[in-house]
RNA sequence: GUGGCUAUGGUGAAGAGGUUAUCACAGCGGGUUGUGGUCCCGUUAUCGAGGGUUCGAUUCCCUCUAGCCACCCCA
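In this note's numbering, the protein residues as written are 18 to 486.
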């Protein structure tokens, strides 16, 4: 007791076998294992975060049922080929952000970087084309991208996504945008959607040629990176922030001018639908998005805010992907979808509505305190009675000290405390303390549940009728 | 993947090349063994890890790791 053996931080490693030796305090603390930390880019969603996540989940579900979507859960792990084919080999997501590995059996698997490819794979695999079309599916879950972490960007992040498969009508596109808009609005986030059309693969190819021709003529002004992009994925040049490119962009051919008639009409109708509902949008001729599968409509939501737009501030996005089913080996199936970045949404919610500083304990109306071994046993049983009666009761059975228990009762906001000690056990009673008044009465233990029930009902009655007793 | 900045108890901060590293909040224990919200006391950090410079570093240098910011890209 006299020696100040400082309890060394609990080693997280397994109990080492090599202990035993006489370790002085300093030596042992030097050896203390480093606390393990979360993997880079991953994070814990702590109890304090949960209310926000619960809210997003609630609205995700509410809107899903309101708009007629059914839930689907696909595996987090898929064949790498699914993403290479679906998302596109030349995209950054596949080229440098995919978590891939080879199994002992020699398969190449990957953690999903997004949800659409999996959902469509599932649609094809399970022959959902035999269901009434379109099939509306929604999902929610973690996605993985091996990107460099930054604010609003994690290697494991969460998306809620909505897919409509088997319908080419522009109203589908519009309603997806409306759904996303309402999702965000329902969480207190006002947004404007940026929207563009990429046309059909053919019109897009024509446009691409024109664009490449244009930028080729200005090749001298391009950076190395942009030259590479010119070859690989010229559309990406459009959202470059390189001042030189920004300048060149102004003169560059615009995709709308290259759209085929059908795509143009489709696009116009999407916009008309949005006008009709009053969803704010902004045409963005440079919006192309980083996944190859998009055709026609593409869009992204941005929060309306005064503060300077952060580059990674898109809260979600989506578009039409009429060619994806075929890319994945299914028959040609028009489809559209969108997904929302829950992490970013939650961080917006936190900005608007910061968490309270004090981490308060879960609140309860009734607290059960015990004294002595007899009291503790009786209290344990009484607790079960309350639980069966549907009344939540707080307790601290592991504490012997009544004072400590009363402190906890107070912290948990209890209105009533039930104290049961040796005396009460012998008398078959219980002390019922009114925490606000500080008064106490003796109640028959058999009537404890009934008595509390009465008080709870009474209080709730008083609350609404404003009667003062 | 590239560049810049940062790294002090559970949290938020302060600090100086040199014997006991400050403050607040939270946590735990106690203030005579059956009672709360106030108050008082105690306790909770070898200053991210490793290496170097130095008589001496937590404070200077290097490496690593992580976080933040920007780019890339995206949610």
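Quick reminder that beta carbons are idealized off the backbone N, C-alpha and C, glycines included. From a predicted model like this one, the values you see are computed outputs, not experimental measurements.
Can you tell me where the alpha helix (DSSP H) holding residue i begins and where it ends?
| i | result |
| --- | --- |
| residue 231 | 218 to 234 |
| residue 110 | 109 to 112 |
| residue 195 | 187 to 203 |
| residue 243 | 241 to 249 |
Mind checking whether residue i and residue j have CB atoms under 8 Å apart?
| i | j | result |
| --- | --- | --- |
| residue 429 | residue 379 | yes |
| residue 389 | residue 445 | no |
| residue 277 | residue 217 | yes |
| residue 431 | residue 382 | yes |
| residue 142 | residue 159 | no |
| residue 137 | residue 206 | no |
| residue 433 | residue 469 | yes |
| residue 286 | residue 314 | no |
| residue 311 | residue 270 | no |
| residue 317 | residue 162 | no |
| residue 360 | residue 175 | yes |
| residue 266 | residue 255 | yes |
| residue 135 | residue 99 | yes |
| residue 333 | residue 364 | no |
| residue 126 | residue 96 | yes |
| residue 114 | residue 130 | yes |
| residue 103 | residue 193 | no |
| residue 189 | residue 353 | yes |
| residue 171 | residue 214 | no |
| residue 362 | residue 203 | no |
| residue 149 | residue 290 | no |
| residue 244 | residue 236 | yes |
Taking residue i as the reference, which of the options has the closest Cα?
| i | options | result |
| --- | --- | --- |
| residue 156 | 88, 123, 219 and 167 | 88 |
| residue 386 | 419, 361 and 408 | 419 |
| residue 198 | 320, 314, 363 and 310 | 320 |
| residue 145 | 184, 361 and 168 | 184 |
| residue 117 | 94, 104 and 131 | 94 |
| residue 309 | 84, 56, 366 and 105 | 105 |
| residue 345 | 58, 424, 133 and 123 | 133 |
| residue 83 | 100, 179 and 265 | 179 |
| residue 350 | 151, 450, 112 and 109 | 151 |
| residue 248 | 226, 256, 264 and 261 | 226 |
| residue 396 | 421, 72, 441 and 99 | 441 |
| residue 406 | 456, 194 and 464 | 464 |
| residue 280 | 119, 221, 342 and 456 | 221 |
| residue 306 | 467, 331 and 289 | 331 |
| residue 461 | 352, 53, 448 and 452 | 448 |
| residue 457 | 122, 435, 81 and 414 | 435 |
| residue 233 | 208, 453, 262 and 452 | 262 |
| residue 297 | 57, 195 and 451 | 195 |
| residue 409 | 250, 399, 417 and 348 | 399 |
| residue 452 | 424, 75, 165 and 250 | 424 |
| residue 295 | 238, 168, 209 and 54 | 209 |
Spell out the partners DSSP gives residue i in its beta bridges.
| i | result |
| --- | --- |
| residue 312 | 337 |
| residue 87 | 154 |
| residue 318 | 210 and 333 |
| residue 458 | 449 |
| residue 82 | Answer by DSSP bridge pairing: none, since residue 82 is not bridged. |
| residue 436 | 386 and 448 |
| residue 94 | 128 |
What are the boundary residues of the beta strand (DSSP E) that residue i is part of?
| i | result |
| --- | --- |
| residue 159 | 152 to 161 |
| residue 292 | From DSSP, residue 292 is part of no beta strand (DSSP E) but of the alpha helix (DSSP H) over 278 to 294. |
| residue 180 | 173 to 182 |
| residue 489 | Because the chain in this structure spans residues 18 to 486, residue 489 falls outside the shown range and cannot be described. |
| residue 124 | No beta strand (DSSP E) contains residue 124, which DSSP labels as neither H nor E. |
| residue 492 | The requested residue 492 does not occur in the structure, where the chain is confined to residues 18 to 486. |
| residue 101 | Note, residue 101: premise wrong, no beta strand (DSSP E); alpha helix (DSSP H) at 97 to 103. |
| residue 300 | 298 to 300 |
| residue 168 | Per DSSP, residue 168 belongs to no beta strand (DSSP E) and is neither H nor E. |
Going along the chain, which unbroken runs of the alpha helix (DSSP H) with 4 or more residues stay wholly within the segment 350 to 427? Fully enclosed alpha helix (DSSP H) runs of 4 or longer: 359 to 369 and 389 to 405.
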